[in-house]
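Engineer:
Residue numbers (our numbering): 15 to 534.
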């Protein structure tokens, strides 16, 4: 299949095309600022509606727009619908005409030094790509050195724990069975979850092995100070990355997942504009903010359980046209329900507030939402900031009990629930189950919801959290809050299509009715 070409629009007083090499997979368009209206911004596509095939007019999307002048002019509102946020590239220190303020606030431009147009093209070619990829090497892929004589045990599937007097010199203790492919056309980001206790110190040794062979092309040694942030591997020669962990000192090391993701370098995590946060325990969440049309509401979506790392719900939220904020949880097998250390949880609230401040919105100008695991995030943080509405599908709130009923209701499903329980409470006893359940209800029941609306779609025979919907009504029925819902026959995963459709319908109805939004 022929790959789709990347479309780049360059707007500047000096044309670039004659002085640069444009890769074969790029369609290049040069235009002067006073000629913006000459470029095509719409196209027709065929769309099936029942048995009919109609021609539909849609925006002509440009993957990247380059604004190369130091003082930007021209009617950029003409191309507003054809370029995404973070896909506009400008000169460092650029200024713009006053009438373009709203355009730049919507597009969140990325600054680049443009002394060398060819370098700009090369950077965009490699780092401004569509799509996302992220995965992890789990602890089950770790082999222990036969020379290790200490104690070892597994903390579920979250950590491999090794305790030993490792010695005064660094020595290899464990190896990952599988390698990670490094594409010469895409940079790779590596992030290791680990904790060291007492005097233990570690190094991560990385080797680049040639494609189709076993020759080691290059080697790196990453000290702990080198791993405070994700490590980027960006090599002109592709190959396979091989990993081993070296340890010295005395005490315990806990080794978690080894994450590997396509990198946009400094231009975004997973996608352009994406960001990440990690606390002192190297626990992460990811987030992405898009200013949309700058009009209320700010739509906030917490991803559901997702083994593939990256953002969920982008196109759904983007189609609403309004500002949106996505959260993702890449921990454990597919997420740890957005709970964490005090600084972890405070950062999520801070991100929400920063977006509200950027838009000059109040808390009543936002809607929190989520499906399945994401419902916990929407309700947990929604109870702390009293939004206009919370929209959820298949609510999961009694997270401790999800593990507690696993053997009875789901004997062969979602064993990650035990990892979640152990991660957040330190144990898996009945007391720990109750403790984790109450972590949610302490926030939810004590919240002073101020006329918040909660729209809930749920499964009547949910085998994860059967009483979630009814528990919410019982706990906050006395408050100034409106809870309404729609239930479907079946277990948690029996009718996801109906749940999602109802969920999205509520979004459009609330925005249309209460915020003046319009939809086709």
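We put the CB at the ideal spot given by N, CA and C, even for glycine.
1) Between the region 123-142 and the region 269-276, do three or more beta carbon pairs fall short of 8 Å?
2) Could you compute how far the alpha carbon of residue 407 sits from the alpha carbon of residue 479?
3) Which same chain residues, not among the five before or five after residue 530, have their C-beta less than 6 Å away from its C-beta?
4) Identify every residue that forms a DSSP beta bridge with residue 316.
5) In terms of residue numbering, what span does the beta strand (DSSP E) encompassing residue 506 cover?
6) Quick check on the burial criterion: 16 or more other C-beta atoms within 10 angstroms. Buried or exposed for residue 123?
7) Taking only runs that begin and end inside the region 445-496, name each unbroken beta strand (DSSP E) of 3 or more residues, in chain order.
8) Cβ of residue 211 within 9 Å of Cβ of residue 238?
9) Alpha carbons only, please: which of 412, 500 and 532 is nearest the one belonging to residue 489?
10) Under a three-way DSSP split, which group does residue 192 fall into?
11) Can you list, in chain order, the stretches of the beta strand (DSSP E) that have 3 or more residues and sit fully within the region 267-296?
12) Taking C-beta to C-beta, are residue 436 and residue 170 nearer than 9 Å?
13) State the Cα-Cα distance for the pair residue 455 and residue 44, rounded to the nearest angstrom.
14) Would you list the one or two residues that DSSP bridges to residue 203?
15) Would you say the region 395-410 touches the region 443-450, given that touching needs at least three Cβ pairs under 8 Å?
16) Checking the sheet assignment: what are the DSSP bridge partners for residue 230?
17) For a test of the three-state rule: what should DSSP assign to residue 443, helix, strand or coil?
18) Going by DSSP, what residues sit across from residue 166 in a beta bridge?
19) Classify residue 252 as helix, strand or coil using the three-state DSSP reduction.
20) Are the CB atoms of residue 535 and residue 486 nearer to each other than 9 Å?
21) On the DSSP letters alone, give me the boundaries of the alpha helix (DSSP H) that residue 515 sits inside.
22) Let me know if residue 557 comes out buried or exposed under the rule of 16 or more other beta-carbons within 10 Å of its beta-carbon.
23) In this structure, does DSSP put residue 421 in helix, strand or coil?
24) Answer yes or no: do residue 193 and residue 277 have a C-beta to C-beta separation smaller than 9 Å?
25) Mapping the DSSP letters down to three states, classify residue 54 as helix, strand or coil.
26) Contact between the region 116-136 and the region 247-256: three or more CB pairs below 8 Å?
27) Kindly give me the distance between the Cβ atoms of residue 148 and residue 321, rounded to whole angstroms, as I take these residues to be in contact under 8 Å.
28) Taking the alpha carbon of residue 526 as the reference point, which residue from 467, 178, 310 and 249 has its own alpha carbon closest?
29) To the nearest angstrom, how far is it from the Cα of residue 165 to the Cα of residue 330?
30) Using the beta-carbon count (16 or more within 10 Å), is residue 503 buried or exposed?
31) Do you know whose CA, among 433, 214 and 233, lies nearest residue 265's CA?
32) Do you know how far the Cα of residue 134 is from the Cα of residue 348?
33) Only counting the same chain, and skipping five residues up and downstream in sequence, which positions put a Cβ closer than 8 Å to that of residue 250?
34) So is residue 246 buried or exposed if we call it buried at 16+ other beta carbons inside 10 Å?
35) Throw me the rounded Cβ distance for the residue 354 and residue 289 pair, which I believe falls under 8 Å.
36) Can you give me the start and stop residues for the beta strand (DSSP E) that residue 364 sits inside?
Structural biologist: With the given structure in hand:
1) no
2) Here residue 407 refers to the residue found at position 393 of the chain shown. Here residue 479 refers to the residue found at position 465 of the chain shown. Using only the alpha carbons, I get a separation of about 12 Å.
3) On the chain shown, position 516 is the one that residue 530 refers to. Taken in chain order, the list of residues that qualify is empty.
4) The count along the chain shown starts at 1 and reaches residue 316 at position 302. 341 and 384, per the DSSP bridge assignment.
5) Your numbering for residue 506 matches position 492 in the chain shown. Run containing residue 506: none; DSSP gives neither H nor E here.
6) Here residue 123 is taken as the residue at index 109 of the chain shown, counted from 1. With 16 or more other Cβ atoms within 10 Å, it is buried.
7) 466-473
8) Taking the chain shown and counting its residues from 1, the one referred to as residue 211 is at position 197. Taking the chain shown and counting its residues from 1, the one referred to as residue 238 is at position 224. No.
9) Here residue 489 refers to the residue found at position 475 when the chain shown is read from its first residue. For the residues 412, 500 and 532, the minimum Cα distance to residue 489 belongs to 412.
10) As a position in the chain shown, residue 192 is number 178, starting the count at 1. In this structure, residue 192 counts as coil in the three-state DSSP scheme.
11) 289-292
12) Taking the chain shown and counting its residues from 1, one reaches residue 436 at position 422. Taking the chain shown and counting its residues from 1, one reaches residue 170 at position 156. The answer is yes: Cβ separation under 9 Å.
13) Counted from its first residue, the chain shown places residue 455 at position 441. Counted from its first residue, the chain shown places residue 44 at position 30. So the alpha carbons of these two residues sit roughly 57 Å apart.
14) Here residue 203 refers to the residue found at position 189 when the chain shown is read from its first residue. Bridge partners of residue 203: 246 and 275.
15) no
16) Translated into positions along the chain shown, residue 230 becomes position 216. In the DSSP output, where bridge partners are listed per residue, residue 230 has 223.
17) Residue mapping note: residue 443 aligns to position 429 of the chain shown, counting from 1. Coil at residue 443, not helix or strand.
18) For the purposes of this step, residue 166 is taken as residue 152 along the chain shown, with counting starting at 1. Beta-bridge pairing links residue 166 to 176.
19) Here residue 252 refers to the residue found at position 238 when the chain shown is read from its first residue. Reduced to three states, the DSSP call for residue 252 is coil.
20) Limits of the chain in this structure are 15 at one end and 534 at the other, which puts residue 535 out of reach.
21) Position 501 of the chain shown holds residue 515. Looking at the DSSP string, the run of the alpha helix (DSSP H) that includes residue 515 is 510-529.
22) Residue 557 falls outside the range modelled here, since the chain spans only 15 to 534, and no answer is possible.
23) For the purposes of this step, residue 421 is taken as the residue at position 407 of the chain shown. Three-state result, residue 421: helix.
24) Taking the first residue of the chain shown as position 1, residue 193 is located at position 179. Taking the first residue of the chain shown as position 1, residue 277 is located at position 263. Their beta carbons are not under 9 Å apart, which means residue 193 does not touch residue 277 by this criterion.
25) Position 40 of the chain shown, counted from the first residue, corresponds to residue 54. Here residue 54 sits in coil by DSSP.
26) no
27) By one-based count along the chain shown, residue 148 stands at place 134. By one-based count along the chain shown, residue 321 stands at place 307. Rounded, the Cβ-Cβ distance is 10 Å, inconsistent with contact.
28) Taking the first residue of the chain shown as 1, we reach residue 526 at position 512. Measuring from the Cα of residue 526, the nearest candidate turns out to be 310.
29) By one-based count along the chain shown, residue 165 stands at place 151. By one-based count along the chain shown, residue 330 stands at place 316. One C-alpha to the other measures close to 48 Å.
30) Taking the chain shown and counting its residues from 1, the one referred to as residue 503 is at position 489. Exposed.
31) As a position in the chain shown, residue 265 is number 251, starting the count at 1. Checking every option, the nearest Cα to that of residue 265 belongs to 214.
32) Here the question's residue 348 lines up with position 334 in the chain shown. Here the question's residue 134 lines up with position 120 in the chain shown. Looking at the two C-alpha atoms, the distance is approximately 36 Å.
33) Counted from its first residue, the chain shown places residue 250 at position 236. Excluding residues within five positions, the ones whose Cβ falls inside 8 Å are 198.
34) Reading the chain shown from its first residue, position 232 is the one you call residue 246. Exposed: under 16 other Cβ atoms inside 10 Å.
35) Taking the first residue of the chain shown as 1, we reach residue 354 at position 340. Taking the first residue of the chain shown as 1, we reach residue 289 at position 275. About 16 Å; that fails the 8 Å criterion.
36) Locating residue 364 in the chain shown gives position 350, counting from the first residue. Taken as a continuous stretch (DSSP letters only), residue 364 belongs to no beta strand (DSSP E), being part of the alpha helix (DSSP H) at 356-373.
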